[in-house]
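Trainee:
Quick look at the structure:
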C-alpha cells in the first residue's frame, strides 16, 4: 500500500487522519497473468491502482481481439463507461503479467467522496489526467501516421516489453504485418 499512499500524497494534500480513512476502504488483490479482472457483460463496481504488473483492456471484434488501453504500475483506473452508468461493460480487462492491485469498491469510493472532502480533488485530478490521455490518443490516431504512433510507444518501453506484437499492433490500429514492416524500417 506504500506505493498507493505515495501516489495519493503526490496527487493531493491529505492529512494522516483522512489518509487512514481512505486506506481503510482499500484492499490488496493479486491477479495472476491471464486472469480477467472484468469480463464483458459485467458491471464495473471497482476502482484499481496498480502496485505492480499490468492490465489490458480489449473487446472482441469480428475476427480478433482489439486492444484499446494498457495500464501499468502506479496507474489508477476503472472501466468508467460501465461504472458510472452501471451498465454492462463492452470490455474485458485482463492481467498481462502477475499483478498486485489496490481495489476500492464503488460503495467505498462513494463513502470517501462523502466523508473525506479532499477526496473530491483526488477524483477530479485523476479524471482530468485520464481525459487528457484519451484526447491525446484520439488526436494521435487522427493526426499521426502508424509509424509516428509506434515511435510514440517507443517512449513507453513497458508496453513494448510486456505485450505481444499482435496486441501492440491492435493498440496502434494496424495489422501485425504492418507493425513488422514499421519496426524493420526503423532499425
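In my numbering, the protein residues as written are 6 to 192. Every residue, glycine too, gets a C-beta built ideally from N, C-alpha and C.
Mapping the DSSP letters down to three states, classify residue 69 as helix, strand or coil.
Mentor: coil
Trainee: Return helix, strand or coil for residue 33, following the three-state DSSP convention.
Mentor: If DSSP states are grouped into helix, strand and coil, residue 33 belongs with the strands.
Trainee: Grab the span of the beta strand (DSSP E) containing residue 49 for me, first residue to last.
Mentor: Looking at the DSSP string, residue 49 is not in any beta strand (DSSP E), and its letter there is neither H nor E.
Trainee: Are the CB atoms of residue 76 and residue 99 nearer to each other than 8 Å?
Mentor: No, they are not a contact pair.
Trainee: Per DSSP, which residues does residue 162 bridge with? Please list them.
Mentor: Its beta-bridge partners do not exist; DSSP assigns none.
Trainee: Pick out the complete beta strand (DSSP E) segments inside the segment 84–155, 3 residues or longer, and give them in chain order.
Mentor: Counting whole runs of 3 or more residues, the segment 84–155 contains the beta strand (DSSP E) stretches 97–110.
Trainee: Between the Cα of residue 186 and the Cα atoms of 82, 152 and 138, which residue gives the shortest distance?
Mentor: 152
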